[in-house]
Amino acid sequence: MANGLKADLSKCTGCQLCALVCSATHTGKFNPSESRIEVQDLFPEPGEFKLNFCKQCDEHPCVESCPVEAIKLNEGLGIYYVDKELCTACGACVEACPYNGCWLDPSGSYSIKCDLCGGTPQCVEVCPKKVLKR
Amino acid sequence: MAGDGYQGKVLRVDLTNEKITTEPLNREWAKEFIGGKGLGARYLFEELKPGTDPMSPENILSIWTGPLVGTMTPLTGRYVIVSKSPLTGTFLDSYAGGFFGSELKFAGFDGVIIKGKAKKWSYLWIKDGKAEIRDAKNLMGKDTFATEEMIRKETGEKFARVACIGQAGEKLGLISSVTSDLTRNAGRGGTGAIFGSKNLKAVAVKGNLGVEVKDIDSFTKMAKEMVLKDVVENPDHAGMITDGTPILVQMSQDAGILPTKNWRTGTFEGTEGINSEALKSRVLVGKKACFDCSIACGSLAKVKLGAFKGAWTEGPEYETLGLCGSNCGIKNIEAVVKYVEDCDRLGLDSISAGNVTALAMDLYERGVLTKKDTGGLDLRFGNEEAYAKMPEMIANRRAIGDVLADGAKRAAKKIGKGAEKLTVEVKGLEYPAYDPRGTIGMALAYATSDRGACHLRAWPVAADAYGSQDPWNPEGKAAICVEDQTRTSVKWSFIFCDFYSVNFPNMAKYYSAVTGVDSSEEHLRQVGRRIWNLTRSFNAREGFTKKDDTLPERMEKEPLPDGKPKGKAVPKADFERMLAEYYKLWNWDEQGRPTKKSLQDAGLEDIIAKLPFLK
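Residue numbers (the working numbering), protein chains in the order written: chain L, 956 to 1089; chain S, 42 to 656.
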């Protein structure tokens, strides 16, 4: 898991700035629904926030599950990313991931997951409470 | 992809005829009034017939965002409810943070205008540019926490955001609020009763459409820098980041302006039990932010021991600690946590609820109210057991709660026997937690606020009681109020949070970067003057004049008995002097009504013909 984002959830306040900057970077607009990181802030009562994002785990079952080999290795960063052009939005990776690390874009046309913004993850830069680390 | 921050759409809902339409945003007004408070005020001024009964189907209930809401502009994840207040009869703008405002924007709307009254209890469901009126039968009698959860289940949207009323709004209590994201309230002025009067239990929303700005790359780069430099590292925000608003409890105690035992004094012997240290050492569990906020002032608090074990809230905030704490003689923060959790669940404004509870305690101690009135409760100041039952009694209109549910002014009139002399309100809205006998400018700020006594229009307390200036010298206080009201009119139109100490040049910078509109400090000051003249005109058209810009009698005649302001009151002559100066600075007439000149100067020529008093 050495190459993915890491989060210290005890510091997270649920502000969603990570999701905002992520959507701006990947889609050109502010839209947390299209972000590669999801903030779960639903409280029946006080507790920790939960962040869903791709951990770049060693097992990467998403890669094996993909029937069209759309999840590819970025050798420079040592991480797997979704090739939007190849993805058929079948949802196999979403099913396979044990960490809720990937999901379908709201348009339903492809799977999305963290690609570390090509090496400079914007969420890490913007997080005001220093929750996220590379 | 490029946009201008706006979605360009307004949702119109006619509950009587079950008709829903979408119309283009009035772009001219958007340019003149920005969004939020200003834009809402312009639509309301245009569409609401003067003299309309606020509880009638004809009243307009509108919900607004602003051009920056949903973008990365720091601390702008907010919404405002704009209407005519049933509590005060004035213009009403009531704000909440949380996540509802940005979600409404992401669903494709700048604002929602609701008219009429549904035939049966309903809720409005908005998703991605579409809306429908749904049956709320199953939600009736449910508190706001349950309502939010049930709507999420019913719509199948795990992250739907819900603004709803609890039992207090259902029972049309005039101090009821609209609660969103469990603990965030558009609290003041009876927003809950407006929902209730329309048979509207909730507005729920989910949005996946996003918001576009003029140039995403340059804007994001600038916003990232500002989050760090102007928010996180800004010394003005240090106390808000470490403590949040409870830091003010001790500051008010030291200045002798902390409302205590129904405004009898401004210093409280039990402050150690309700101040920020008490919060941090006894109930704090973690910090919680609203959408897009790098401060995260919200304190997740949970009671760990004693009679109120298990009670929790996000807060309590300063106003609640003052009005529901010291003003009720409550010395333990655990009791306040329980009280405010109930206020949130039942949908009650904690500032007003604290005030009416303290009033009832005062009357009970004076023998005007007895156990017969209180439903058997021994309602002495500081009796936590009786105190903790009050929100439920007020919301459900049980025993004395029935009269208290409509605010201090109406309650005192009904109770009589001298109760009228004990209330502390302006235009029917109860005072927030800064006693003007130790910060004289606040008397003017409360008197001239456009929605009744409010601390969010002008806040002279910062410079005197909390600062270095003389808190009893009336000199210059009118100018501070004019300056603050101009700035906050703009701030509440974008809609920035109060806790972002954002100056005019930076507001102009965000505005230009998002919308592409050429802006500057002077441009925004003109917008602020325009908005404040507009809301004043709305109130003047409803018949409000100088006679309504009042100083509660006790503030004049009852000097504070102890603390730093010992022996001080607000001399009537000083108040009158500040008020006259204030009208003059705004170029209003001696009755405090806008003049042709003030309206022309503010760029409001088009409303002159609609103001009978200018004919």
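Positions of the beta carbon are idealized from the N, C-alpha and C atoms, including for glycine. Computed from a predicted structure; not experimentally measured.
query                                                                                                                 : result
Short Cβ contact (8 Å threshold) for S/Ala234 with S/Gly207                                                           : no
Chain S residues whose Cβ lies nearer than 7 Å to that of L/Cys968                                                    : It is Thr, not Cys, that sits at residue 968 of chain L in the sequence shown. Correct list: Lys328, Lys329, Ala330 and Ala337.
Close-in-space but distant-in-sequence residues of the same chain around S/Gly29 (CB under 6 Å, 5 per side omitted)   : Outside the shown range of chain S (42 to 656) lies residue 29 of chain S, about which nothing can therefore be said.
Same chain, Cβ closer than 6 Å to S/Lys587, five either side skipped, listed in chain order                           : Gln632 and Gly633
Spatial neighbours of S/Ser126 in its chain, beta-carbon cut-off 7 Å, leaving aside the 5 residues before and after   : Pro95, Leu133, Gly230, Gly231 and Arg492
Inter-residue Cα distance where the pair is S/Asn544 and S/Val273                                                     : 15 Å
Counted within 10 angstroms of its Cβ, other Cβ atoms place S/Leu346 as buried (16 or more) or exposed                : exposed
Whole-number beta carbon distance between S/Ala319 and S/Ile374, since they are thought to touch under 8 Å            : 5 Å
Min CB distance S/Thr261 to chain L below 8 Å                                                                         : yes
Spatially closest choice to S/Thr556 from S/Gly569, S/Ile61 and S/Phe535, by CA coordinates                           : S/Phe535
Simplified DSSP state of S/Cys338, which is helix, strand or coil                                                     : coil
Chain L contact residues for S/Leu341, given Cβ-Cβ distances below 9 Å                                                : Phe998, Glu1000, Pro1001 and Gly1002
Same chain, Cβ closer than 7 Å to S/Tyr380, neighbours up to 5 away in sequence not counted                           : Cys365, Tyr428, Ala429 and Pro432
Per-residue DSSP class, three states only, for S/Ser578                                                               : helix
Own chain partners of L/Val1086 with C-beta closer than 6 Å, once the 5 adjacent residues on each side are dropped    : Ala962, Asp963, Lys966 and Cys967
Test: S/Lys613 CB closer than 8 Å to a CB of chain L                                                                  : no
Inter-residue Cα distance where the pair is S/Ile649 and S/Leu655                                                     : 7 Å
Close-in-space but distant-in-sequence residues of the same chain around L/Lys1084 (CB under 7 Å, 5 per side omitted) : Lys966, Cys967 and Thr968
Residues that DSSP places opposite S/Asp176 in a beta bridge                                                          : S/Ser163
From L/Asn1007, L/Ala1044, L/Glu1014 and L/Asn1029, residue whose alpha carbon lies closest to that of L/Val1023      : L/Ala1044
Complete beta strand (DSSP E) runs within the stretch 270-352 of chain S (minimum length 3 residues, chain order)     : 325-329 and 339-343
CB of S/Glu466 within 8 Å of CB of S/Ala486, strictly                                                                 : no
Environment of L/Pro1076 [buried if 16+ CB atoms lie within 10 Å]                                                     : buried
Under 8 Å between C-beta atoms of S/Val153 and S/Ile104                                                               : yes
Proximity test, Cβ basis, 8 Å: S/Asn547 and chain L                                                                   : no
Continuous beta strand (DSSP E) stretch holding S/Ala449: start and end                                               : Per DSSP, S/Ala449 belongs to no beta strand (DSSP E); it is in the alpha helix (DSSP H), Ala449 to Ile456.
Chain-ordered residues of the stretch 1004-1019 of chain L with a beta carbon less than 8 Å from chain S              : none
Residue span of the beta strand (DSSP E) that contains L/Gln995, given as start and end                               : Glu993 to Gln995
Minimum Cβ-Cβ distance from L/Pro1053 to chain S less than 8 Å                                                        : no
Counterpart residues of L/Gly969 in DSSP-defined beta bridges                                                         : Partner(s): none; L/Gly969 has no beta bridge.
Near-chain L residues of the stretch 251-275 of chain S (beta-carbon distance less than 9 Å), N- to C-terminal order  : Gly251, Val252, Glu253, Val254, Ile257, Asp258, Phe260, Thr261, Ala264, Lys265, Val268, Leu269, Val272 and Val273
Nearest residue (CA-CA) to L/Ala1025, options L/Glu1040, L/Val976 and L/Leu1032                                       : L/Glu1040
First and last residue of the uninterrupted alpha helix (DSSP H) at S/Ser238                                          : Thr232 to Ser238
8 Å Cβ cutoff met for S/Thr398 and S/Thr224                                                                           : no
Best match in S/Met619, S/Leu645 and S/Cys538 for proximity to S/Gly725 [C-alpha to C-alpha]                          : Outside the shown range of chain S, which is 42 to 656, sits residue 725 of chain S, and nothing can be said about it.
Three-way DSSP call (helix, strand, coil) for S/Pro65 in this model                                                   : strand
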